[in-house]
Structure formats: C-alpha cells, structure tokens
Amino acid sequence: MFLYESIPWYSWAMFGVVLVALIALNEVTRRWKWAGIGFFVVLPLLLTVFVWPTTAGEGSSTGTWFHWVKVYSALIGCLGFMLIRYVPRLASNRWMLMFPPLILAINIGEAVIRDFEVAGLQGMHDGVFMVGGPWNYMNAIAGILNLVTICGWAGIIVSRDKSKDMIWPDMMWFWIIAYDLWNFAYVYNCVGDHSFYAGAALLISCTIPAFFIKKGAWLQHRAHTLALWMMFTMAVPTFVTSSPFAVESSHNPAALFVVSALSLAANIAVAAYQLFTIVKRHRNPLRDELYTELPQYREVREANLPLEAPAAQPEPRKETDRLVTA
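Once you know that position 231 of the sequence shown is 214 in the working numbering, the rest is easy, because the numbers rise by one and skip nothing.
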C-alpha cells in the first residue's frame, strides 16, 4: 500500500472501535461537568503517579519530551476551556478569551519544532523509525501558516444549551480541514507507525462532532479527544507499536512527500483566502472576527447565542390601586 503496510481486517475493526470510543467519551465529558473533572483532573493525576513513570519512561515510543508536553498541554486546554464554560465571568473576560488561541498555537508550535527536529533523522530514534527529509520542512511551514491563520477568538461564546460548549464561530471548516491535513502529515512524518490511529482516527474523532454533532466547538472536541488518546497511548504504548492491531507506515519517501505537499497547499490556500478577506473587509485578524458574512458563521452563532430575556410585563393593578387612583 502507498501510506501503510498491509492493514488486516481486525486493524480496520479496531480503527472503528477507537473512533467510536473517542467520539463517545468526548460526548460524555462535554455534556456532564463531573465527567470532565473525572477524566481530565482525577484520572491524569492517578496516571502521573502510578502508571506513566513506568510505561512512558526512557526508551519507550511515548517517552520523548514531546509526548509528555503534549499530554499535559492537552489537559491544560481541557481545564481552561472548562473554566470558560462553567465560570460566567470568565466567558466574557477578554484576557481569558486569549487562552484558547494561545494553547492551540502552543500545540501547533510544539509539532512544528518536532518536524524540524525529525528532518535530519534516519532510522530508530526514541523507539520510533524516522525517515527525515524535505517533507518535514514543507510540513513545518504548513504548520506555521496554520498557526498564523488562527483568528476570531474575540467572538468565542458559551452555548446556551445544557452542555455549555465553548463555541468559536469564526473557526471555519476550511481552517479545520487545513489543520487536519497538516496534523496528519506531522504524525505521519514524525511518528509514522502511530499515524493510523494517532493521525487518522484521532483527527476524524474530533472533525465528525465539529461538522455533525456540535458545530462551532471543534477546538473543545479536539482538546478532549487528544487528551483522551494521549492518556491512553502513554499508558499502553505497545498498542500502536507491537500489538496485533498495530499498523506500520510504509516509510515511503513518495508518500511522505505527498501528504506534506497536500498539507502545505491547503494551508497556503487558507492563508491566501484570509489575506484576501482582511484586505477586502478591512478587518484586523488580531481583533476582529473575519468571516462574519459567511452562512456557516451565522448558523453557528445564531444557534448558540443566549436567548434574550423577554421584556418584563407590568403586573395587573390590584383593586386597592384602582381605588387610590380614583
């Protein structure tokens, strides 16, 4: 195969299990606050003390600085988003609303740095087989473009429904697709033997909810599914390396080049469209929402804005009031 070695039916079945499990757990943790606290506070504390020092130690495929930073940055994102969602005064605090783009930019930046690191590596490093090359530089540039095209965070709101999701109306579908292509290329470039699950299944698990279940909450979906996956893979690193369900990358330079080229092309297109919008609409990407004219933006915003309280009706006059007036 082009991207991978042979993929047996039971690996495809496990792909489906991972995908459904991540979507289901994301639904549980976003709908009930107690579940979010359990999965993103209590569970990682237990894993940090009793599990990860053994399973994600030196020499493990998940024992690199990147995996440790990634799991904690994803968890910090989940907790920060919960503060915005459940503490009303923070949802309208302009400084707090800078947290979502900041943690997103940090996560993208971590991966960009890793792509640059891997570009010069060949063979086994940190328990992962590397095939470094120009594709790493291509995808690192795509990641930088994806980072600088983050926009519209001033318009983040909390949904009016019971789940109180963090909604980012200006985060458009085309940016999400460009992110998915970039992130898959990153995982394929840097931890290729993990990418069947950590790349494809993980990215699909947050894109499906963003497009079909709770629109506008992509970053929240992404943080939840990423944190859940990272906690699992650091506890059971052999799942993606030596279990019967593991799927090896083809390590084909042509495949590496193609996925990075698609990533770069998509992010150049998004950057070009954003620049066109900025110039045409006279918008400031550091202050304004850029895509307010698009129907997808209006749909998400109108579906989640708090409903205005009805005007107070005057109370009926009592009989005593009529007598006084008379």
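For every residue, glycine included, the Cβ atom is placed at its ideal position computed from N, Cα and C.
Rounded separation between residue i and residue j - CA only
i: Ile(-10); j: Val54; result: 28 angstroms
i: Arg143; j: Trp(-5); result: 38 angstroms
i: Glu(-12); j: Ser232; result: 6 angstroms
i: Glu93; j: Arg205; result: 16 angstroms
i: Trp17; j: Asn235; result: 45 angstroms
i: Ala309; j: Arg77; result: In this prediction, Ala309 scores a pLDDT of 38, lower than 50, which makes its location untrustworthy; the coordinate-derived value is nonetheless stated afterwards. Roughly 54 angstroms separates the two Cα atoms.
i: Leu73; j: Met65; result: 10 angstroms
i: Met149; j: Gln257; result: 23 angstroms
i: Ile160; j: Gly21; result: 31 angstroms
i: Asn129; j: Ala254; result: 8 angstroms
i: Phe99; j: Gly115; result: 9 angstroms
i: Phe228; j: Leu(-14); result: 16 angstroms
i: Val174; j: Ser226; result: 16 angstroms
i: Val0; j: Val101; result: 30 angstroms
i: Val11; j: Ser146; result: 10 angstroms
i: Tyr171; j: His50; result: 15 angstroms
i: Val25; j: Ala39; result: 19 angstroms
i: Pro293; j: Gly138; result: Confidence in Pro293 is poor, its pLDDT being 42 and thus under 50, which makes the residue's placement too unreliable to answer from.
i: Cys189; j: Arg14; result: 15 angstroms
i: Ala237; j: Tyr169; result: 15 angstroms
i: Ala295; j: Glu282; result: Caution applies to Ala295, whose pLDDT of 42 falls short of 50 and renders its modelled position unreliable; the value that the coordinates give is listed next. Their Cα atoms are separated by approximately 28 angstroms.
i: Leu211; j: Leu85; result: 20 angstroms
i: Tyr(-7); j: Val230; result: 11 angstroms
Residue(s) in a DSSP beta bridge with residue i
i: Tyr(-13); result: Ser232
i: Gly106; result: Met113
i: Ile150; result: Ile140
Whether residue i touches residue j by CB criterion (8 angstroms)
i: Met113; j: Leu277; result: no
i: Asp176; j: Val111; result: yes
i: Phe82; j: Leu58; result: no
i: Leu185; j: Leu202; result: no
i: Leu273; j: Arg284; result: no
i: Pro289; j: Asn9; result: no
i: Ile89; j: Ser56; result: yes
i: Gly199; j: Trp151; result: yes
i: Ile133; j: Leu104; result: no
i: Ile91; j: Met79; result: no
(Q) Pairs of beta-carbons, one from the region 175 to 191 and one from the region 115 to 127, closer than 8 angstroms: are there three or more? (A) no
Q | Contact between the region 28 to 38 and the region 212 to 219 (3+ Cβ pairs under 8 angstroms) | A | yes
Q) With a cut-off of 8 angstroms, do at least 3 Cβ pairs link the region 162 to 177 to the region 240 to 258? A) yes
Q.
Report the start-end ranges of each alpha helix (DSSP H) in the region 238 to 300 that is 4 residues or longer and not cut off at the edges.
A. 278 to 287
**Q.** Runs of alpha helix (DSSP H) lying entirely within the region 186 to 222, each at least 4 residues, in chain order
**A.** 201 to 218
Q.
Could you tell me which whole alpha helix (DSSP H) segments of length 4 or greater appear in the region 27 to 73?
A. 35 to 38, 48 to 69
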